[in-house]
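Undergrad: Residue numbers (my numbering), protein chains in the order written: chain A, 321 to 483; chain B, 741 to 1528; chain C, 3 to 267. Have a look at this one before I ask anything.
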Amino acid sequence: MTTVTMTVNGRTHRADIEPRTLLVHFLREHLRLTGTHVGCDTSQCGACVVLVNGRGVKSCTRLAVACDGADITTVEGLATGDELHPMQAAFREHHALQCGFCTPGMIMAALDMIARKGTRLDENTIRKELEGNICRCTGYHNIVKAIQAGAAAMTGGVRQAAE
Amino acid sequence: MTTTGIGASVRRVEDRRFVTGKGQYVDDISRPGQSYAVFVRSPYAHANIKSINTAVASSAPGVLGVFTGADLANDRIGNLICGWAVQSKDGSPMKAGAHPALAQGKVRYVGDHVAVVIGETLAAARDAAELVAVDYEQIPAVVDLARAQESGQPQIHAEAPRNTVYEWHLGDKDAVDKAFAGAKHVTRLEIVNNRLIPNAIEPRAAIGEYDSGTQSYTLYTTSQNPHVARLVLSAFVGIAPEHKLRVVAPDVGGGFGSKIFIYAEETVCLWAARKVGRPVKWTADRTESFLADAHGRDHLTTAELAVDGNGKIVAMRVKTKANLGGYLSTFASSVPTYLYAPLLSGQYDIPAIYCEVDGVYTNTAPVDALRGAGRPEATFVVERLVEVTARQIGMDPAEFRRRNFIQKFPHQTPVIMMYDAGDYGTCLNKALELADYANLGKRKAESAQKGLLRGLGFSAYIEACGIAPSRAVGALGAGVGLWESAEVRVNPVGTVEVLTGSHAHGQGHETTFAQVVSQRLGIPIEQVSIVHGDTDKVQMGMGTYGSRSGAVGASAIFRALDKVIAKAKRVAAACMEVAEDSVDFNDGVFTARGTNKSMGFGEVALQAYVAHKFDPDQIEPGLKESAFYDPKNFTFPSGVHIAEVEVDPETGATRIDRWTAVDDFGTLINPMIVEGQVHGGIAHGVGQALLEGAVYDGNGQLLTASYMDYAMPRADNLPSFTVAMTNTPCPSNPLGVKGCGEAGAIAAPAALINAITDALGHEDVAMPATPMTVWRAAQRARVKQAAE
Amino acid sequence: MYAFNYQRPKSLQEAAQILAATAGAKILAGGQTLLPTMKQRLAQPECLIDLAALAELQRIALSGHALTIGAMVTHAMVAESADVKRVLPGLAAVAEGIGDPHVRNCGTIGGSLANNDPAADYPAAVLALGATVETSKRTIAADDFFKGLFTTALQSDEIVTQVSFPLPAKFAYAKFPNPASRYALVGVAVAQRGGEVRVAVTGAGSSGVFRVPAMETALKANFSAKALDGISVSPVNLATDLHADAAYRAHLIGVMAKRAVVALA
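Below you can see the structure in the form of structure tokens.
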């Protein structure tokens, strides 16, 4: 057992875990934050993407011990009370989800994308940047639209209703 | 009028929980004291099990139990079933071998279930699973579908000589042979419909639980049809009678057919929960999903089309070998027969059709329904034949289609189906316009300047949805009726709960079904909630597949609402002291004709429960009604998809430049959701045509067992889609809806292959049209052109 | 995953000591290959030595005619580095094309080179650029580093510390991705420096990354796509799998080499 301390969605957690505990299992099983999902074994589907120190990371391919001291944001940490984060709101407004399973990873990937590429995103950039996230339901059409709109709504930190 | 009724693109009710990570999928559920199951799976495609030694595993730390097929047999647990009896053309019943949940002496595909280890932790179970010693005696594997029926091939099930489950046929062979004999032109194609692996992004999962106090079981499972699961596990597998078994299918992360079936894993978890006295949880890892989810498609087909001198189709002849895998999955037998051949008429007036289908066992994972289920296979046959024929006789492919479209409805095809309504010409015209077909030549020239080959392909598809009229499918061998149930519970304050036997796993029923209620009762959608996925709440249901939930599930709700409104009118009449037949109900208000009296829906609901103002001998208190709706006919969604691609002949890479879809789904309840279903379907069909294909090696090892080798459509494989609709209401259900969830997957493969072959100067290309496949075809085309 | 011990040393020296002293120990860099392998129980290290705390391995430095990248520098850091984009933009582009954004946020150049996946991108760049791999013990020229599938010149107790790239006049990498994994089905890196041209191919070789002398000679004489006409790579030592057979790979090497050269025109 190893002791880890990390801040998850603004709260500090300390836990004794086995070194082989993956970050995703730490989040899902120790913290019961089940919004982060597991969809594959080979780091490709992206359902498990969370932000580690502001960068998108596949939490199924990260040891929890390696995140000792890190600041983690999961999909549960985005909304303010009942008010959705602009990216969450954009996913709903643009019907960018169907079964919802890939959605948390998509939303976190969108935030990582914006952190690196800014809030003015064209369609090609978004499609390329979604290489690490697989959706079986939507055909990506509405996910692309939602990320574009959500990013625009985040410009200046102002939430705008999408058109 | 409410703004949340039928036809409004209402934003989805269910989204808040999904975008905030509050969805509750099976793996998100933890039951107190739960243990974990790990399955020992066969590493061989075909082998006898000489012995299984579980002693070492059983005594490993943290192990609660290790069980094999012998333990299931000792407890008299029944086998998994195939629920549709298909007869061969000689009238004999299909030849199905047993399908035990854990192997009984033999394994029949890589990933077959040999034993289960239940551990205190997942790691303990996994560690111990490696300690289960299985002594296998390998048998040569039957992997090649083309050769599986040859004499001398190993026999997979003793019951099925030549590995043949059935030799089925449909249609009038003599009429077809005669028409072919007199035809001006015959087109013949050899078609491989590639095998797909479903890949819902949520892997299958189950938690079995047993309450020794009440002697009752609960199964949490990733199911598209929890009541069917309960029925099978009760009546056939025999774990517990229905009243002692609750099946819960909570949020389910995509199904696409793969979560219809009753599999070994959930069966074993449920049974083992009693054995170990603890809840037993299993969640597939992706490798297990690849190995042991039921796969889809996998046909080898010879298809012929005969036309006369006027470019009119006179007959079609199809011979298909369908791979059913190592066992018959729940609905496996019906998919390549009754869900396939009756669609071979497409949108065309074809006087004579004859189709033969051999259902064949191989040492591969079971094959069953996958998004479209038989209809993508049929559409691919029809639309490749039609396209190639048009090219061969030198007619514009749009014109050839138009010339053969069915014009009058209802239309009886020679293959069972009675099409009730459609307008194929209008759909085609709209698609041609949106796709800018007129300027294709110009675009081809522009691509050529860049060294790229541009091609355009059509797919004019039809599907039979709204599965299905119970009597009709019963006559064809189905083991169940395919109606749907609904119960509408009006609360005293006028809010409404609707219990439906349909199950949503991405379709948005919590929104669309509520829209139907909102429209009919004239109340805001916020006052409606939809309850599904729990056999303790919803009495009975048949679930969601075959694009049936709108046409059948919502129709059941519609019928129950009829009853609610009728009862409420009687309550309102009594309260307003007027005759019942003088009460009208519009936009949520009951009015007494010829008076100024009126009551709101909520008021009437309250009065129904207060029960002060009517005679209980005349009117029962309360306001709750249910309906079972059995459809009169299938529904027949149709449409035209046009794909336009650029092929790089140097690398074989195909880029989809444009996609135009014009679909006729009849009445739309929520256009936003319908378009989303079309998008997803197209992506699935593009996956089949361009990327996806399960490959087994000669020993039956699955080579495409992860996303490293099985190519899934990603965002950069696809363009944004142009989606439009025509609306010919379906006359056979009260809402006029047809179903939209599978259309894209049905239409897309032919459109894409037609586009690629157009780009390559008509050189044939097999699916998936990977870069290497397309490059080789481009090479062949170049050689041929040089020779001409 | 099997159980293991976890160590996060504070210095390179400490890391090297643990590695030398611990049987079954393995270095954990970004973990983007090692962890999936361990999850599938295909690797069973008894100890993982995480280099994440070693700040000295996370630097990108520019000095004179060389760009030096620390072993723990992530693909994202290389892709985003203003220095790399200015002096060796082709390398930033290589990094930008590895894996997906989330893999790039974790995966490192040192990890990639030590793993030497036959379809990885960095080995082609390192070999074409004639870079030098520096370790806890020595420096190894690229030509001596890659030894076959998942095999390098590294000894079991040796840790990659940084990679030094002599700045070329021209460098580009053209990749044709595997449609499933998105790794290189064929990737060709072309570098020109001081009159020398080096061409390195990844994804295609049945024993990993390799150079193509015939192309190098032709491009040295005439640095143009046309110079590559008629030069074919033999499929004999190329890989065949589900996605591409050796003949197709051989063909793609020619196409991708030309595209890399065209990108530099």
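All residues carry an ideal CB built from backbone N, CA and C; glycine is no exception.
#1: Start and end of the beta strand (DSSP E) containing Gly747 of chain B?
#2: Skipping 5 residues on each side, what residues in its chain have a beta carbon closer than 8 Å to that of Gly101 of chain C?
#3: Pull up the distance between the alpha-carbon of Leu169 of chain C and that of Phe147 of chain C, whole angstroms please.
#4: With C-beta atoms as the reference, is Ser226 of chain C less than 8 Å away from Val263 of chain C?
#5: Using a C-beta cutoff of 8 Å, does Arg334 of chain A count as contacting chain C?
#6: Grouping DSSP H, G and I as helix and E and B as strand, with all else coil, what is Ala1401 of chain B?
#7: If we cut at 8 Å on Cβ distances, does Ala1451 of chain B have a partner in chain C?
#8: Does the ligand NAD have a heavy atom nearer than 7 Å to the CB of Asp1456 of chain B?
#9: In its own chain, which residues sit with a C-beta less than 7 Å from the C-beta of Gly330 of chain A, not counting the 5 before and 5 after it?
#10: At what residues does the beta strand (DSSP E) containing Thr1240 of chain B begin and finish?
#11: Counting only Cβ pairs nearer than 8 Å, list the residues of chain C close to Asp282 of chain A.
#12: Quick check: Arg1260 of chain B and Ile1207 of chain B, are their CB atoms within less than 8 Å of each other?
#13: Restricting to Cα atoms, I'd like to know which of B:His967, B:Val987, B:Ile937 is closest to Tyr960 of chain B.
#14: Establish whether the CB of Val1097 of chain B and some CB of chain C are separated by less than 8 Å.
#15: Quick check: what's the CA-CA separation for Arg757 of chain B versus Gly763 of chain B?
#16: So is Met79 of chain C in contact with chain A if we call contact Cβ pairs under 8 Å?
#17: Across the segment 1214-1228 of chain B and the segment 813-824 of chain B, are there enough close Cβ pairs to call them in contact, namely three or more that are closer than 8 Å?
#18: Of all the options C:Asp119, C:Arg10, C:Phe173, which has the alpha carbon lying nearest to the alpha carbon of Pro91 of chain C?
#19: Flag this pair as yes or no: are the beta carbons of Glu58 of chain C and Gly72 of chain C separated by less than 8 Å?
#20: So, does the segment 1114-1134 of chain B touch the segment 1078-1093 of chain B, judging by three or more C-beta pairs under 8 Å?
#21: Per DSSP, Leu842 of chain B is paired with what?
#22: Which same chain residues end up closer than 8 Å to Ala1157 of chain B when comparing Cβ atoms and leaving out the 5 residues on each side of it in sequence?
#23: Indicate the three-state DSSP secondary structure (helix, strand or coil) for His925 of chain B in the structure shown.
#24: Compare the Cα-Cα distances from Pro181 of chain C to each of B:Gly1476, B:Ala1429, B:Gly1246 and report the closest residue.
#25: Can you pull the chain B neighbours of Leu244 of chain C, defined as C-beta to C-beta under 8 Å?
#26: Please determine, among B:Asp1025, B:Arg1229, B:Glu1390, the residue with the shortest C-alpha to C-alpha distance to Asp767 of chain B.
#27: Any Cβ of chain C within less than 8 Å of the Cβ of Thr1510 of chain B?
#28: For the segment 1267-1286 of chain B, list every residue whose C-beta sits within 7 Å of some C-beta in chain A, in sequence order.
#29: From the beta carbon of Thr393 of chain A, is the nearest beta carbon of chain B less than 8 Å away?
#30: What's the call for Thr153 of chain C, buried or exposed, on a 16-neighbour Cβ count within 10 Å?
#31: Identify the contact partners of Asp991 of chain B in chain A, using a Cβ-Cβ distance below 9 Å as the criterion.
#32: Skipping 5 residues on each side, what residues in its chain have a beta carbon closer than 8 Å to that of Glu1415 of chain B?
#33: So, does the segment 375-387 of chain A touch the segment 337-356 of chain A, judging by three or more C-beta pairs under 8 Å?
#34: Could you check whether the segment 970-987 of chain B touches the segment 1273-1280 of chain B, counting it as contact only if at least three pairs of C-beta atoms, one from each stretch, sit closer than 8 Å?
#35: On the DSSP bridge assignment, give the partners of Arg1395 of chain B in chain order.
#36: Which same chain residues, not among the five before or five after Ala1445 of chain B, have their C-beta less than 7 Å away from its C-beta?
TA: So, to answer that:
#1: Your numbering for residue 747 of chain B matches position 7 in the second sequence. No beta strand (DSSP E) holds Gly747 of chain B; DSSP gives it neither H nor E.
#2: For the purposes of this step, residue 101 of chain C is taken as the residue at position 99 of the third sequence. Cβ contact annotation for Gly101 of chain C (same chain, cutoff 8 Å, sequence separation greater than five): Gln34, His77, Gly109, Arg184, in chain order.
#3: Numbered from its first residue, the third sequence carries residue 169 of chain C at position 167. Numbered from its first residue, the third sequence carries residue 147 of chain C at position 145. Distance between the alpha carbons of Leu169 of chain C and Phe147 of chain C is about 19 Å.
#4: To locate residue 226 of chain C, count along the third sequence from 1; it is residue 224. To locate residue 263 of chain C, count along the third sequence from 1; it is residue 261. Result yes, Cβ atoms of Ser226 of chain C and Val263 of chain C sit closer than 8 Å.
#5: Stepping through the first sequence from its first residue, residue 334 of chain A is reached at position 14. With respect to chain C, the C-beta atom of Arg334 of chain A has no partner C-beta closer than 8 Å.
#6: Locating residue 1401 of chain B in the second sequence gives position 661, counting from the first residue. Three-state result, Ala1401 of chain B: strand.
#7: In the second sequence, the residue the question calls residue 1451 of chain B occupies position 711. Yes - at least one Cβ of chain C is within 8 Å of the one on Ala1451 of chain B.
#8: Ligands in the displayed structure: none, and consequently the ligand NAD is not present.
#9: To locate residue 330 of chain A, count along the first sequence from 1; it is residue 10. Apart from sequence neighbours up to five positions away, the residues of its chain that approach Gly330 of chain A with a beta-carbon distance below 7 Å are Gly397, ordered along the chain.
#10: Against the second sequence, residue 1240 of chain B aligns to sequence position 500. For Thr1240 of chain B, the enclosing beta strand (DSSP E) stretches over residues 1236-1240.
#11: Summary: the structure shown does not reach residue 282 of chain A, with chain A confined to residues 321 through 483, and so no result is reported for it.
#12: For the purposes of this step, residue 1260 of chain B is identified with residue 520 of the second sequence, where counting begins at 1. For the purposes of this step, residue 1207 of chain B is identified with residue 467 of the second sequence, where counting begins at 1. Not in contact: Arg1260 of chain B and Ile1207 of chain B (Cβ atoms no closer than 8 Å).
#13: As a working mapping, residue 960 of chain B is identified with position 220 in the second sequence. Per the Cα distances, B:Val987.
#14: Taking the first residue of the second sequence as position 1, residue 1097 of chain B is located at position 357. Not one chain C Cβ lies under 8 Å of Val1097 of chain B.
#15: Your numbering for residue 757 of chain B matches position 17 in the second sequence. Your numbering for residue 763 of chain B matches position 23 in the second sequence. The alpha-carbon atoms of Arg757 of chain B and Gly763 of chain B are separated by roughly 5 Å.
#16: Taking the first residue of the third sequence as position 1, residue 79 of chain C is located at position 77. No, its Cβ sits nowhere closer than 8 Å to a Cβ of chain A.
#17: yes
#18: The residue given as residue 91 of chain C occupies position 89 in the third sequence. Taking Pro91 of chain C as reference, the option from C:Asp119, C:Arg10, C:Phe173 with the minimal CA-CA separation is C:Phe173.
#19: Taking the first residue of the third sequence as 1, we reach residue 58 of chain C at position 56. Taking the first residue of the third sequence as 1, we reach residue 72 of chain C at position 70. Yes, they are a contact pair.
#20: yes
#21: Here residue 842 of chain B refers to the residue found at position 102 when the second sequence is read from its first residue. DSSP, once it has assigned bridges, lists no residue as partnering Leu842 of chain B.
#22: On the second sequence, position 417 is the one that residue 1157 of chain B refers to. In the sequence as presented, Ala is not what sits at residue 1157 of chain B; that position holds Met. So the list reads Pro1082, Leu1083, Ser1085, Ala1204, Phe1374, Phe1376, once near-sequence residues are dropped.
#23: As a first step, residue 925 of chain B is located in the second sequence; it is residue number 185 there, counting from the start. In this structure, His925 of chain B counts as strand in the three-state DSSP scheme.
#24: For the purposes of this step, residue 181 of chain C is taken as the residue at position 179 of the third sequence. Per the Cα distances, B:Ala1429.
#25: Counted from its first residue, the third sequence places residue 244 of chain C at position 242. Within chain B, the residues Val1435, Leu1443, Thr1444, Asp1449 have their CB atoms less than 8 Å from the CB of Leu244 of chain C, given in chain order.
#26: Taking the first residue of the second sequence as 1, we reach residue 767 of chain B at position 27. Nearest option by C-alpha distance: B:Asp1025.
#27: Start at 1 with the first residue of the second sequence, and residue 1510 of chain B comes out as number 770. For Thr1510 of chain B, the answer is yes, since a Cβ of chain C falls inside 8 Å of its Cβ.
#28: none
#29: Sequence index remark: in the first sequence, residue 393 of chain A carries index 73 (1-based). Cβ-Cβ to chain B under 8 Å: no for Thr393 of chain A.
#30: Locating residue 153 of chain C in the third sequence gives position 151, counting from the first residue. Counting Cβ neighbours within 10 Å, Thr153 of chain C comes out exposed, since fewer than 16 surround it.
#31: As a position in the second sequence, residue 991 of chain B is number 251, starting the count at 1. Cys419, Gly420, Phe421, listed in chain order.
#32: Here residue 1415 of chain B refers to the residue found at position 675 of the second sequence. Here the set comprises Val1463.
#33: Yes: at least three Cβ pairs fall under 8 Å.
#34: yes
#35: Here residue 1395 of chain B is taken as the residue at index 655 of the second sequence, counted from 1. B:Glu1386.
#36: Within the second sequence, numbered from 1, the residue matching residue 1445 of chain B stands at position 705. Cβ within range, chain order: Thr1027, Phe1030, Leu1031.
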